[in-house]
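*Asks:* Got a structure for you, written out below as structure tokens; questions coming shortly.
Protein chains: 2
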Amino acid sequence: MFFGTYTHNLDDAGRLTIPSKLRESVAEHEHSPRLFLTCGAERCIVAYTQSRVSDIMAGMRDGSVSRRQAREFKRIFGGEGAMEAWDKQGRIMLPDTLKAYAGISREITIVGAMDCFEIWDTAAYERHRKAARASYDKVAGKVIQ
Amino acid sequence: MFFGTYTHNLDDAGRLTIPSKLRESVAEHEHSPRLFLTCGAERCIVAYTQSRVSDIMAGMRDGSVSRRQAREFKRIFGGEGAMEAWDKQGRIMLPDTLKAYAGISREITIVGAMDCFEIWDTAAYERHRKAARASYDKVAGKVIQ
DNA sequence: GTTATTTTGGGGAATTCTGGCAAAATTTGA
DNA sequence: TCAAATTTTGCCAGAATTCCCCAAAATAAC
Chain S
1 MFFGTYTHNL DDAGRLTIPS KLRESVAEHE HSPRLFLTCG AERCIVAYTQ SRVSDIMAGM
61 RDGSVSRRQA REFKRIFGGE GAMEAWDKQG RIMLPDTLKA YAGISREITI VGAMDCFEIW
121 DTAAYERHRK AARASYDKVA GKVIQ
Chain L
146 MFFGTYTHNL DDAGRLTIPS KLRESVAEHE HSPRLFLTCG AERCIVAYTQ SRVSDIMAGM
206 RDGSVSRRQA REFKRIFGGE GAMEAWDKQG RIMLPDTLKA YAGISREITI VGAMDCFEIW
266 DTAAYERHRK AARASYDKVA GKVIQ
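See below:
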């Protein structure tokens, strides 16, 4: 599980240090720790563990989407995505396409969201968060009895 | 189950000693005792056990909230949150974002609230309690036959 | 084949985090 | 009421993290 919000900077080569706590969370459950990065729903980059990706692929076969839809999904999910291992200093390269999609330049906010974590441009996340925070209590009321 | 009200102070590194009775309550049911801290409804920090968090996550899949709402919920719940184990002296770190949200500086009031406990700024809790006490009897009349 | 340019790896400083000792305070029991 | 046990807290030192910078290696361009 992934928790917490972290602000980091890209170095001048465009690398991002993954927060050590998130690396630990991945390493806890994965034999050879890797991250799958792809495009997220609200203009951010999502990072999944390998096993989460397997689950997503398996879940697609439950009949909720057509074969055609599944093919299209896999093209974007896989095509825009990248499976990356971090180096000895805990850094990964963010693919340029994903950086452009998420509007990332240098200042990054990393958000733990339970089953995945998200990589945002800091300014974009602050705007988003302000709006999302307003409706949080209402949703929380439904989810937490 | 969590009961009682306790007043503690943060140390200069921002750590809080969890009252020993509450630690016992967690340890009673959890194999490796940890607390999940996140933002509560009335400007306080809530602490849940791991198993309570699992239940909340599972409950989210019952269709009462949309996928979009679920994502936004996980961003705030997880992103503002932290899963912490206490150290040998029974202390945990309170994330800065949560301290700011709850208006916490140094003096803390910890309130056992059955399925969770809450961490308040002492002054804020005293104000809140005074107001909430007034409506207690009315609600209690409905709840307790 | 040589020169630019990009990619990869790592050293080391500043800062933050973590762990533990021991004093103070509180609770418990006699 | 007093002593013993437990809990809380202030303080300090060692460890870890991140980030900036530079060097080596690989790749591309001329």
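Residue numbers (the numbering used here), protein chains in the order written: chain S, 1 to 145; chain L, 146 to 290. By construction, the Cβ of each residue, glycine as well, lies at the ideal position given by its N, Cα and C atoms.
Can you find the residues in the same chain that come closer than 6 angstroms, C-beta to C-beta, to M60/S, ignoring five residues on each side of it along the sequence?
*Replies:* Counting only Cβ-Cβ distances below 6 angstroms, and skipping sequence neighbours, we find A70.
*Asks:* Along the segment 98-125 of chain S, where does the CB come closer than 8 angstroms to a CB of chain L? Name the residues.
*Replies:* Per Cβ criterion, the list reads V111, G112, A113, M114, D115, E118.
*Asks:* Between V143/S, I108/S, E126/S, G63/S, which has its C-alpha nearest D11/S's C-alpha?
*Replies:* It is I108/S whose Cα lies nearest to the Cα of D11/S.
*Asks:* Tell me which same chain residues have a C-beta within less than 6 angstroms of the C-beta of G112/S, skipping the five on either side of it?
*Replies:* Around G112/S: F2, F3, G4.
*Asks:* For E118/S, I'd like the list of residues in its chain whose CB is within less than 6 angstroms of its CB, leaving aside the five on either flank, ordered along the chain.
*Replies:* G40, C44, V46, V111, listed in sequence order.
*Asks:* Between the segment 133-140 of chain S and the segment 233-246 of chain L, do at least 3 Cβ pairs fall closer than 8 angstroms?
*Replies:* As far as the Cβ criterion goes, the segment 133-140 of chain S does not touch the segment 233-246 of chain L, which means the pair count is below three.
*Asks:* Can you round the beta-carbon distance between R52/S and D115/S to whole angstroms, since I take them to be within the 8 angstroms contact cut?
*Replies:* Contact flag correct, Cβ pair sits at about 6 angstroms.
*Asks:* Could you check where the beta strand (DSSP E) with G257/L kicks off and where it finishes?
*Replies:* Note, G257/L: beta strand (DSSP E), 252-258.
*Asks:* I want to verify the contact list: residues of chain L whose CB lies under 9 angstroms from the CB of I76/S, in sequence order.
*Replies:* What I76/S touches in chain L: nothing, since even the nearest Cβ is about 17 angstroms away.
*Asks:* Who pairs with W120/S in a beta bridge, going by DSSP?
*Replies:* Bridge partners of W120/S: T109/S.
*Asks:* Buried or exposed: which applies to D55/S, given that a residue is buried once 16 or more other Cβ atoms fall within 10 Å of its Cβ?
*Replies:* That one is exposed.
*Asks:* Hey, T49/S and E80/S: beta-carbon distance below 8 angstroms or not?
*Replies:* No, the Cβ-Cβ distance between T49/S and E80/S is not below 8 angstroms.
*Asks:* Leaving aside the five residues before and after R179/L along the sequence, list all residues of the same chain whose C-beta is less than 7 angstroms from its C-beta, in chain order.
*Replies:* Closer than 7 angstroms at Cβ, skipping near neighbours: Q195, M228, E229, A230.
*Asks:* Enumerate in chain order the residues of its own chain whose CB-to-CB distance from K275/L is below 8 angstroms, with the five nearest sequence positions on each side excluded.
*Replies:* Same-chain partners within the cutoff: there are none.
*Asks:* Determine, for Y48/S, whether the minimum Cβ-Cβ distance to residues of chain L falls below 8 angstroms.
*Replies:* Chain L contact via Cβ: absent.
*Asks:* T17/S bridges to which residues according to DSSP?
*Replies:* In DSSP, T17/S forms a bridge with R91/S.
*Asks:* Suppose the cutoff is 6 angstroms on Cβ atoms and the five residues either side in sequence are ignored; what does the same chain contact list for R236/L look like?
*Replies:* So the qualifying residues of the chain are R160, T162.
*Asks:* Counting contacts by CB-CB distance shorter than 8 angstroms, is I201/L in contact with chain S?
*Replies:* Chain S contact via Cβ: present.
*Asks:* Please work out which residues of its chain come closer than 7 angstroms, Cβ to Cβ, to T38/S, disregarding the five sequence neighbours upstream and downstream, and give them in chain order.
*Replies:* Around T38/S: V46, F77, E80, G81.
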